[in-house]
Amino acid sequence: MIRQELINPKSIVVVGASNNVQKPGGKILKNIIDHKYNGQLFVVNPGSDIVQGIKSYPSVDELPDKIDLAILAIASHLCPDAVDTLANKKGVKAFIIISAGFAEESKEGAMLEHRIVDTINSVNGSLIGPNCTGVFNTNYAGIFTTPIPEPNPHGCDFITASGATGVFIVDLCIVRGLPFSSIYSVGNSAQLGVEDILEYMDETFDPLTSSKVKLLYMENVKKPQKLLKHAQSLISKGCKIAAIKSGYSEAGSRAAASHTGAMITADIGVDALFKKAGIVRCYGRDDLVTVASIFMHKELTGKRLAIITHAGGPAVMLTDALSHSNIEIPPLKGEKAQELLSYLFPGSSVNNPIDFLATGTAEQLGIILDYCENEFDDIDGMVVIFGSPGLFPIFDVYNVLHEKMLTCKKPIYPILPCEIEVGEEVKDFISKGHVRFPDEVLFARGLISVFNTPKPQLNITLPEVDKNTIRNIINNSNDGFLPPAMVSQLLDAAGIPRAKEIVVSDIKEIDNALREISYPLVMKVVGPIHKTDVGGVVLNVETKEQLLSEFERLMKIQDAKGVLLQPMLSGLELFIGGKKEGDFGHIVTAGLGGIFVEVLKDIQTALSPITFDEALTMIHNLKGYKLIKGVRGSKGVDENVFANIIQRVSALMTIAPEIAEMDINPLLGNGSNIIAVDVRINIVKH
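Reading the sequence shown from the start, the letters are residues -2 to 683 in my numbering.
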């Protein structure tokens, strides 16, 4: 629970404040004072009567009652008693504990942390930390680190699990001109974590006054469903979210019984969650700041860019970086292109990139931008690369860029690569409220990430399946891999087409089986999990003599309970799987089967439940997608049918959350005829 006393406190006490501003308690008090906090400010320091001009109290017991927010910068072992007094005797409802030495350090520290949380929960209070750098917003600067940005209600909201990393990101943002509305450093997240802060931002969102850009740095996703819910909600309200999730969970490398289980790691779960939520995933500080800077510009509603430059090399590198994406750099031709060229110096080019040479002027830049805005309908946005030509000051160039960015409806992205020669011009440009990009390739990478992150779909309609039959089968099953008959029943109930199959456990049953299926046959041992590894699969069985011989051999394999007979089918091998990944829910995978999944791991993932469009996107993003489309005269596979089966697997796992792992490999595809051949379903109820 986040209380208003944490967000907009009318009074603050800094416990452990100091005159030494090189200590956290001294620095945080100085920051609060320097940033013009207009509420009542109190200090607790037993060794001083006055701290930085503020009257000091010797202990928390002697403070006046009804203080809104307490910021603690004292030794960890002193914190529980101080919190108890502040919460139960002084009416404090909000706490920021910047002290370290808690759960991140030892079991004893964890016990101290639990005591603090229990006390704060007992008064329905809010806690940020411990082991954090604090909170900054437009109301107060309760943070002990620097630099501190000027608060801007339309800047970014930044939530970070790491104080030090947060400082590095903020520093980089300030250099680029990126403004901030708030910063929350949650530290150990003993009570409130990244997901809880995002929840508060969602529930209090005001389209007129709230920031529409959210940045996250996460080391763990502790509450994935909460993150999903509120990220989707915020994005549906017009927000944009970018996040770094660092580290890889050990759970991702644990042994798994199926191919799906082995491939789906916790980090793949994070990837699927972010895609589902509409969060742009970043992998480093530069990536995060670049994506945030793109968010601060007008939205690119199409995919066609004009690159405008006075330096050919960076334009070529930007074009190269975008070449393997869906973003286009269309050539500019025709009468209007020739008309534009007439305004430029000889040797200029308007083919796109538009190169108006090192001697290009501010006036020419303005003309180019006007043409791209008004005359070229096949341009959706503009990238301007302009550093120092080494010839003259360029204040006038950046002033034109400033004016056009305010007036043009199409987004203009400024790549300003020089920081020394035109440092004053860059500072002047940023001071007018703009964000700069320092590198064209980094910009391209960020733009591709934004462009390729899908919008969240809040209302998902699953295909019709037989829910009652699915639940009856699951309710009557035991933990472990289901026997073939139950697997077949589940596939039929979910509407997943399958190959006809019969399990025989006695040689006398073979004649009856042959009345229902015909040669050539596939034989698979029933019992062992990894059939191929034990020689438990036989293909192209064409005679009864071979059938009987292989039956006897297969039944001698350890743990063999029978032999499954199927007609021998042909087609492109496909793969669909799923795995329950803790609180993330089910992760569905799809791709090409055979070597593509075993060796190349050409798979795509999505968090269940899955829309039809999500399933199609999974298929389109496969490296082997051309094989699905059909190459060299091959028929290929109907991707709409494939997507429907992916969706049905998602529906099955949604109705039966007890499915821990599921493999359909192979799924043989020939045109619109796609048949599940080998299916394993593992049930875990407890």
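Ideal placement from N, C-alpha and C gives every residue a C-beta, glycine not left out.
(request) Measuring alpha carbon to alpha carbon, tell me which of Leu302, Thr458, Lys24, Phe581 ends up nearest Ala318. (result) The residue you call residue 318 lines up with position 321 of the sequence shown. The shortest Cα separation from Ala318 among Leu302, Thr458, Lys24, Phe581 belongs to Leu302.
(message) I want to know whether the region 431 to 439 touches the region 408 to 420 - three or more CB-CB distances under 8 Å.
(response) These segments touch.
(message) I'd like to check one pair, Thr608 with Lys493: are the Cβ atoms closer than 7 Å?
(response) Here the question's residue 493 lines up with position 496 in the sequence shown. Here the question's residue 608 lines up with position 611 in the sequence shown. The question names Lys, yet the displayed sequence has Ile at residue 493. Going by C-beta atoms, Ile493 is not nearer than 7 Å to Thr608.
(message) Going by DSSP in three states, Gly387 sits in which element: helix, strand or coil?
(response) For the purposes of this step, residue 387 is identified with residue 390 of the sequence shown, where counting begins at 1. If DSSP states are grouped into helix, strand and coil, Gly387 belongs with coil.
(request) May I ask you to report which of helix, strand or coil DSSP gives Pro453? (result) Looking up residue 453 in the sequence shown gives position 456. Three-state DSSP puts Pro453 in coil, outside helix and strand.
(request) Determine the burial state of His431: buried for a count of at least 16 other Cβ atoms within 10 Å of its Cβ, exposed for fewer. (result) As a working note, residue 431 is residue 434 in the sequence shown. By the neighbour-count rule (16 or more Cβ atoms within 10 Å), His431 is buried.
(request) Please list, in chain order, all residues of the same chain as Met690 whose beta carbon is under 8 Å from its beta carbon, the five residues on each side excluded. (result) An answer regarding residue 690 cannot be provided, because it is not within the stretch -2 to 683 covered by the chain.
(request) Pull up the DSSP beta-bridge partners for Cys153, would you. (result) Your numbering for residue 153 matches position 156 in the sequence shown. Per DSSP, Phe177.
(message) Can you give me the C-alpha to C-alpha distance between Val684 and Val638, rounded to a whole angstrom?
(response) Outside the shown range of the chain (-2 to 683) lies residue 684, about which nothing can therefore be said.
(request) Ignore the nearest five residues each way along the sequence and tell me which others in Asn627's own chain have a CB closer than 7 Å to its CB. (result) Against the sequence shown, residue 627 aligns to sequence position 630. It is worth fixing the name first, because residue 627 is Gly in this sequence and not Asn. Closer than 7 Å at the Cβ level, and outside the excluded window around Gly627, lie Gly633.
(message) Tell me the DSSP secondary structure of Asp675 in three-state form.
(response) What you label residue 675 is simply residue 678 of the sequence shown in a count that begins at 1. The answer is coil: DSSP assigns Asp675 none of H, G, I, E or B.
(request) For the region 106 to 118 and the region 161 to 177, state whether three or more C-beta atom pairs, one from each stretch, are separated by less than 8 Å. (result) no
(request) Give every residue of the same chain whose Cβ lies closer than 7 Å to the Cβ of Ala228, excluding the five residues on either side of it in the sequence, and list them in chain order. (result) Along the sequence shown, read from residue 1 onward, the residue named residue 228 stands at position 231. Excluding sequence neighbours, Ala228 sits near Leu195, Ile238, Ala274, Gly275, Ile276.
(message) With three or more beta-carbon pairs closer than 8 Å as the criterion, would you say the region 11 to 26 touches the region 36 to 47?
(response) By the C-beta criterion, the region 11 to 26 is judged to be in contact with the region 36 to 47, since at least 3 inter-stretch pairs fall below 8 Å.
(request) For the beta strand (DSSP E) containing Ile9, list its first residue and its last residue. (result) Residue 9 sits at position 12 when you count from the first residue of the sequence shown. For Ile9, the enclosing beta strand (DSSP E) begins and ends at 8 to 12.
(message) By alpha-carbon positions, which one of Gly384, Tyr368, Gly22, Leu341 ends up nearest to Ala692?
(response) This structure gives no information on residue 692, because the portion of the chain shown stretches from -2 to 683.
(request) Quick one: measure Cβ to Cβ for Val394 and Ala355, integer angstroms, because I've assumed they're closer than 8 Å. (result) Taking the first residue of the sequence shown as 1, we reach residue 394 at position 397. Taking the first residue of the sequence shown as 1, we reach residue 355 at position 358. Contact doesn't hold; Cβ gap of about 12 Å is too wide.
(message) Looking at the strands, I want to know which residues DSSP matches up with Gly477.
(response) The sequence position of residue 477 within the sequence shown is 480, counting from 1. Answer is Ile680, bridged to Gly477.
(request) Go ahead and label Pro517 buried or exposed: buried means 16 or more other beta carbons lie within 10 angstroms of its beta carbon, across all protein chains shown. (result) If you number the sequence shown from 1, residue 517 lands on position 520. The residue is exposed, with fewer than 16 neighbouring Cβ atoms inside 10 Å.
(request) Out of Asp78, Pro390, Ile95, point me to the one whose CA is closest to Lys87's CA. (result) Within the sequence shown, numbered from 1, the residue matching residue 87 stands at position 90. Among Asp78, Pro390, Ile95, the Cα nearest to that of Lys87 belongs to Asp78.
(request) Go through its chain and collect everything with a Cβ distance to Met293's Cβ below 6 Å, but skip five positions before and after it. (result) What you label residue 293 is simply residue 296 of the sequence shown in a count that begins at 1. Once the five neighbours on either side are set aside, the close Cβ partners of Met293 are Val432.
(request) Would you tell me roughly how many angstroms separate the C-alpha atoms of Thr142 and Ala97, rounded to the nearest one? (result) Locating residue 142 in the sequence shown gives position 145, counting from the first residue. Locating residue 97 in the sequence shown gives position 100, counting from the first residue. Answer to the nearest angstrom: the Cα atoms are 15 Å apart.
(request) Taking all protein chains shown into account, decide if Gln1 is buried (16 or more other Cβ within 10 angstroms of its Cβ) or exposed. (result) Against the sequence shown, residue 1 aligns to sequence position 4. Gln1 should be labelled exposed.
(message) Using a Cβ-Cβ cutoff of less than 6 Å, which residues in the same chain neighbour Leu366 once the five nearest sequence positions on both sides are dropped?
(response) Numbered from 1 along the sequence shown, position 369 holds the residue referred to as residue 366. Correct list, in chain order: Lys401.
(message) Using DSSP's beta-bridge definition, name the partner residues of Glu658.
(response) Position 661 of the sequence shown, counted from the start, is the residue given in the question as residue 658. Answer by DSSP bridge pairing, in chain order: Lys576, Asn679.
(message) Taking the alpha carbon of Lys20 as the reference point, which residue from Gly190, Leu69, Lys223, Ala673 has its own alpha carbon closest?
(response) Against the sequence shown, residue 20 aligns to sequence position 23. Lys20 has its Cα closest to that of Leu69, out of Gly190, Leu69, Lys223, Ala673.
(message) For the alpha helix (DSSP H) containing Thr358, name the first residue and the last one.
(response) Taking the sequence shown and counting its residues from 1, the one referred to as residue 358 is at position 361. Unbroken run through Thr358: none, as it is neither H nor E.
(request) Report all residues from its chain with a CB closer than 6 Å to the CB of Gly22; omit the five preceding and five following residues, and keep chain order. (result) As a position in the sequence shown, residue 22 is number 25, starting the count at 1. The answer, listed in chain order, is Gly13, Ala14, Ser15, Ala70.
(message) Can you check which of these residues, Val120, Pro43, Gly152, Val218, is closest to Asp65 by C-alpha distance?
(response) Residue mapping note: residue 65 aligns to position 68 of the sequence shown, counting from 1. That would be Val120, whose Cα lies nearest to the Cα of Asp65.
(message) Considering only DSSP beta bridges, list what Ala240 is partnered with.
(response) Within the sequence shown, residue 240 is the residue found at index 243, counting from 1. Paired residue(s): Leu213, Arg278.
(message) Suppose you measure from the CA of Gln563 to the CA of Gln644; what does that come to, to the nearest Å?
(response) Mapped onto the sequence shown, residue 563 falls at position 566. Mapped onto the sequence shown, residue 644 falls at position 647. Approximately 25 Å, taken between the alpha carbons.
(request) Reducing DSSP to helix, strand and coil, say where Arg112 ends up. (result) Taking the first residue of the sequence shown as position 1, residue 112 is located at position 115. Of the three classes helix, strand and coil, the one that applies to Arg112 here is helix, per DSSP.
(request) Measure the C-alpha to C-alpha separation of Ala496 and Gly331 and round it to an integer number of angstroms. (result) Translated into the one-based positions of the sequence shown, residue 496 becomes position 499. Translated into the one-based positions of the sequence shown, residue 331 becomes position 334. The C-alpha of Gly331 is placed about 58 Å away from the C-alpha of Ala496.
(request) Within its chain, find whatever has a CB closer than 8 Å to the CB of Asp580; leave out the 5 residues flanking it on each side and keep chain order. (result) As a first step, residue 580 is located in the sequence shown; it is residue number 583 there, counting from the start. If we look at Asp580 and ignore the five residues flanking it on each side, its Cβ neighbours are Lys220, Pro221, Gln222.
(request) Under 7 Å Cβ to Cβ from Val347, same chain only, skipping five residues before and after it: list those, please. (result) Your numbering for residue 347 matches position 350 in the sequence shown. Leaving aside the five residues that flank Val347 on each side, the residues in its chain whose CB is nearer than 7 Å to its CB run, in chain order, Leu329, Ala334, Leu337, Leu338.
(message) Can you tell me where the alpha helix (DSSP H) holding Met565 begins and where it ends?
(response) The count along the sequence shown starts at 1 and reaches residue 565 at position 568. Per DSSP, Met565 belongs to no alpha helix (DSSP H) and is neither H nor E.
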